[in-house]
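*Asks:* There's a structure below that I have some questions on.
Numbering (the numbering used here), first residue to last: 2 to 460.
What follows is the structure in structure tokens.
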């Protein structure tokens, strides 16, 4: 139920002035809240338009500093990148301050039904795919959240007939309270963000909050093949809709005889399309297609529209994105490969010999399985970023010696092209986050594509 008066005249501290923090600030000001903001950046480093907005609305700023310990707030709103374990956040909470995130705020002020999608990998592809299905079905929909627009920025545009298709991260979910999607999706789980969550249990618990407030009138779409995910379905009160690439199910969405099949609760079976007609390639993308099919079907979208979209959807930028072929060498941008498991899937999807560019921010993950997935297909490893030495050390411990560490993307692309032979693929799939060198994985991917575009034909 929408409750826009909950925030009126409340004293609210917004921590973090990234995309979602700014969107939340705008929303709360329009709702009549008394806002303050905190960020590690000082005022000179903030956007000029944001500064004007802060001045116009007389917003208290703690930029480059922290609030006084005596300062009192009714609510503290954390941006996803801000850890709830920061000492000043814990202090505010201990003094009775309610703690929420931008996802929770958006849910409270947005009309329509939410479809929320989480998992370690595949969130962006699945969210975008579901959006395309709804577009082709001519529905009133918005794609937002951890992808595209911040959720609070669309709240004023929604109506009771709207569908909000939200990519949701563990960082967003860990600060929810009442968030309740009509359809929740849990795609998979592999180690990631352990620098923030500390261990896998905490990470899975944060993801599992996606269905915490659902009931029997809602749906929970879950990966039957990922046992660490599927075992959490026993905690869910919603209707559990499994999807499987490997098993025939009594209910849900699965593959049988190379066909994507929907089986309803009453036992009716509908064939969607052949699995090899799905345009996005790889087993992981077939799983994304199954999850997207389940979302759309149980939201009332026709099989024909779902099938048409699966056959035409080309995927998303920065995820196994073909960039160019030069001198017989293909270049693929998989900057969205921000953890080892995502990059393993990319390695599996590429059929040609690979010159691999990897490395980035250290999220305290291990790279053993990543190196083991090379399987003779990766011919050379070109590394950059904070994790470069760690990855190289792991590679050498497993007998892979053909690696080099460089300082910039320009050097890595040039070296990869020099090492590649006709018929090879140069693949950027870092297995790491980007924020040691870039603002985000999109900036990293665009830089890679710019470097590739500047290459000249080999003499």
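Every residue gets a Cβ at the ideal spot worked out from N, C-alpha and C, and that includes glycine. Bear in mind that the values here come from a model prediction, so they are computed numbers and not experimental data.
1) From the DSSP output, in three-state form, read off residue 150 for me.
2) Name, in chain order, the residues that DSSP records as bridge partners for residue 224.
3) Can we say the region 97-105 touches the region 149-165, given the rule of at least three CB pairs closer than 8 Å?
4) Looking at the structure shown, is residue 109 part of a helix, part of a strand, or coil, going by DSSP?
5) Candidates 366, 400, 404 and 302: which alpha carbon is nearest residue 384's?
6) Buried or exposed, going by whether 16 or more other CB atoms sit within 10 Å of the CB of residue 455?
7) Going along the chain, which unbroken runs of the beta strand (DSSP E) with 3 or more residues stay wholly within the region 317-355?
8) Check for me: the beta strand (DSSP E) holding residue 1 runs from which residue to which?
9) Just list the alpha helix (DSSP H) runs in the region 8-58, keeping only unbroken ones of 4 residues or longer that don't cross its boundaries, in chain order.
10) Under 8 Å, do residue 379 and residue 355 count as touching if we go by C-beta distance?
11) Is there contact between the region 207-219 and the region 249-262, where contact requires at least three CB pairs shorter than 8 Å?
12) With the cut-off set at 8 Å, would you say residue 76 and residue 10 are in Cβ contact?
13) Are the beta-carbon atoms of residue 244 and residue 182 separated by less than 8 Å?
14) Taking the beta strand (DSSP E) that residue 270 falls in, what are its first and last residues?
15) How is residue 190 classed by DSSP in three states: helix, strand or coil?
16) Report yes if the CB atom of residue 223 is closer than 8 Å to the CB atom of residue 180, and no otherwise.
17) Is it the case that the region 115-124 contacts the region 284-294, given that we only count it when at least three CB pairs across the two stretches are under 8 Å?
18) Tell me which same chain residues have a C-beta within less than 7 Å of the C-beta of residue 360, skipping the five on either side of it?
19) Going by alpha carbons, who is nearest to residue 237 out of 111, 208 and 458?
20) Run the CB neighbour count on residue 2, radius 10 Å, all protein chains shown included, and call it buried at 16 or more, exposed below.
21) Tell me, please, which residues DSSP counts as bridged to residue 381.
22) Please tell me whether residue 29 and residue 51 are closer than 8 Å, where the distance is taken between their beta carbons.
23) How would you label residue 16, buried or exposed, when you count the other beta carbons within 10 angstroms and need 16 or more for buried?
24) Apart from the five residues on each side of it in sequence, which residues of its chain come closer than 8 Å, Cβ to Cβ, to residue 137?
25) For residue 185 versus residue 107, is the C-beta spacing smaller than 8 Å?
26) If we call anything under 8 Å between Cβ atoms a contact, is residue 276 one with residue 256?
27) Would you report the Cα separation of residue 301 and residue 14, rounded to the nearest angstrom?
28) Return the Cβ separation of residue 78 and residue 145 in integer angstroms, given the expectation that the two are a contact with Cβ distance under 8 Å.
29) So, helix, strand or coil for residue 253, using DSSP?
30) Give every residue of the same chain whose Cβ lies closer than 6 Å to the Cβ of residue 365, excluding the five residues on either side of it in the sequence, and list them in chain order.
31) Can you give the Cα-Cα distance for residue 394 and residue 232, rounded to whole angstroms?
32) Just to check my reading of the structure: residue 142 and residue 149 have Cβ atoms closer than 8 Å, yes? What is that Cβ distance to the nearest angstrom?
33) Looking at residue 161: is its Cβ nearer than 8 Å to the Cβ of residue 189?
*Replies:* Let me lay it out:
1) Of the three classes helix, strand and coil, the one that applies to residue 150 here is strand, per DSSP.
2) Residue pairing of residue 224 in beta bridges, as defined by DSSP: 244.
3) Yes: at least three Cβ pairs fall under 8 Å.
4) Looking at residue 109 - three-state DSSP - the assignment turns out to be helix.
5) For the options 366, 400, 404 and 302, the alpha carbon positioned closest to that of residue 384 is the one of 404.
6) By the beta-carbon neighbour count (other beta carbons within 10 angstroms, threshold 16), residue 455 is exposed.
7) Within the region 317-355, the runs of beta strand (DSSP E) at least 3 residues long that lie entirely inside it are, in chain order, 322-327 and 330-334.
8) A question about residue 1 goes unanswered here, because the residues of the chain that appear run from 2 up to 460.
9) Here the runs fully enclosed are 20-31 and 49-57.
10) A contact, by the Cβ cut-off of 8 Å.
11) Under the three-pair Cβ rule at 8 Å, the region 207-219 does not count as touching the region 249-262.
12) The beta carbons of residue 76 and residue 10 sit no closer together than 8 Å.
13) With contacts defined by Cβ atoms closer than 8 Å, residue 244 and residue 182 do not form a contacting pair.
14) Secondary structure note for residue 270: its beta strand (DSSP E) is the uninterrupted segment 270-275.
15) Assigned with DSSP and collapsed to three states, residue 190 falls in coil, not helix or strand.
16) It is not a contact, given that the beta carbons lie outside the stated cut-off.
17) With a cut-off of 8 Å, the region 115-124 and the region 284-294 count as touching, because enough Cβ pairs lie within range.
18) The beta carbon of residue 360 lies closer than 7 Å to those of 384, 385, 386, 388, 389, 392, 431 and 433 in the same chain, with the five residues before and after it left out.
19) The residue with the shortest Cα to Cα distance from residue 237 is 208.
20) With a pLDDT of 45 at residue 2, under the threshold of 50, the modelled position of this residue cannot be trusted, and the question is left open.
21) Looking at the DSSP assignment, residue 381 forms a beta bridge with 356.
22) In this structure, the beta-carbon distance from residue 29 to residue 51 does not fall below 8 Å.
23) Buried is the call here.
24) The residues are 306, 309 and 310.
25) Result no, Cβ atoms of residue 185 and residue 107 do not sit closer than 8 Å.
26) Taking 8 Å as the Cβ cut-off, residue 276 and residue 256 qualify as a contacting pair.
27) The straight-line gap from Cα to Cα measures roughly 40 Å.
28) No, residue 78 and residue 145 are not in contact; Cβ-Cβ is about 17 Å, not under 8 Å.
29) Looking at residue 253 - three-state DSSP - the assignment turns out to be strand.
30) The answer, listed in chain order, is 195 and 196.
31) Rounded to whole angstroms, residue 394 to residue 232 spans 35 Å at the Cα level.
32) Their Cβ separation, rounded to whole angstroms, is 12 Å, which puts residue 142 and residue 149 out of contact at 8 Å.
33) Against a cut-off of 8 Å, the Cβ pair of residue 189 and residue 161 comes out as no contact.
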